[in-house]
Amino acid sequence: MLRNKKIIFILPAITSSFILGILTAEFSGIPLFVFFISSVALFITCLYLRNDQTFSINLLGLVFFLGAAHLSSHQILPKNHLNNYKVLFWSGSYRARGIVVAEPEKKKNRTRFEFKVLEIEDEKHKQKVTGKVLVTDFGNHDISYGGELILEGQFFKPRNFGKSNFDYKEYLRRKGIYGLLSIKKDAYFKISAHNRANPIKLLATKFKQKIQKGFYANLPQVQASVLSAMLLGDRTGLSSDVRQA
């Protein structure tokens, strides 16, 4: 009975310690090796200390540092990540092959979408890469989630504008986006394959689109756009007056 009570207590404590470690790594800026060394030290301590109270404290500390190390390791970008190719962001146009990994946001004169880049090409060579960018396409192209595209455009680094407290660069970084790609209206654009995305997410996206079409087919424009925003999270159909209301 006493053992069961200890288990009931320790499980929430372990979960809380892991989450606290993740939050600490996210907001502290402490390097990975600090969390790694601390995890190893506490692991060895847990192996040699048998006292129940001391063991529990060290175990929670170990879980805390494991949570922090877990997040820190995932924030380390691989060598072939786009963010490591500094020349991309100041040296003209490139062709990029990749996959649309989120539902495009379509507006009157442009389409925005998250794009997982697989390969970049200039006049001299091709390079396999990884990483996501936010694409702004000014051409009238039929872009859908899961499509494999070959685009030509210019890469830019995200920037914060004005005196707003909103950190746009950090917002994109949390989504795994480290660059912007602008596609001119007359630039090279090719759809090389379809349905290259997660099949479950692709199915969910198609289902969402069917519901949205039903709204617009059976309701006035304003009501359909409000329902789409409230129930489906799609704000693209909202007028500027409704957005500001």
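Terminal number for the sequence shown in full-length UniProt numbering: 245, no gaps in between.
We treat Cβ as the ideally placed atom computed from N, Cα and C, and that holds for glycine.
Applying the 10 Å Cβ sphere with the 16-neighbour rule, what's the burial state of residue i?
i	result
Ala-25	buried
Asp-234	buried
Ile-37	exposed
Pro-104	buried
Gly-153	buried
Ile-211	exposed
Gly-186	One point to set straight first is that residue 186 is Asp, not Gly, in the sequence displayed. Exposed: under 16 other Cβ atoms inside 10 Å.
Leu-23	exposed
Leu-11	exposed
Leu-2	In this prediction, Leu-2 has a pLDDT of 43, which is less than 50 and means its spatial position is unreliable; what the coordinates show is noted afterwards. So Leu-2 ends up on the exposed side.
Ser-164	exposed
Tyr-48	exposed
Gly-214	exposed
Leu-231	exposed
Examine chain B for any beta-carbon lying closer than 7 Å to the beta-carbon of residue i, and answer yes or no.
i	result
Leu-11	This model lacks chain B altogether, as it is built from one protein chain only.
Since I believe residue j is in contact with residue i (beta carbons under 8 Å), could you give me their beta-carbon distance rounded to a whole number of angstroms?
i	j	result
Ile-143	Thr-111	6 Å
Leu-42	Gly-21	About 12 Å separates the two Cβ atoms, so there is no contact after all.
Ile-183	Thr-136	7 Å
Val-133	Leu-82	7 Å
Please confirm whether residue i and residue j have their CB atoms less than 7 Å apart.
i	j	result
Lys-116	Gly-139	no
Phe-18	Gly-67	yes
Ser-39	Ala-13	no
Phe-189	Leu-88	no
Glu-114	Val-101	yes
Pro-158	Leu-181	no
Arg-196	Gly-146	yes
Glu-148	Ala-193	yes
Legend entry - alpha helix (DSSP H) runs wholly inside the UniProt domain "DUF4131" (30–185), at least 4 long, in chain order: List check, alpha helix (DSSP H) in window: 32–48, 52–74, 168–174.
Inset, instruction - Could you tell me whether the segment 151–169 touches the segment 202–211, using the rule of 3 or more Cβ pairs below 8 Å? - result: No: the two stretches stay apart, fewer than three of their Cβ pairs being nearer than 8 Å.
Legend entry - the segment 210–219 touching the segment 173–193, judged by at least three CB pairs closer than 8 Å: Counting C-beta pairs with one atom in each stretch, the segment 210–219 and the segment 173–193 have fewer than three that are closer than 8 Å, which means they do not touch.
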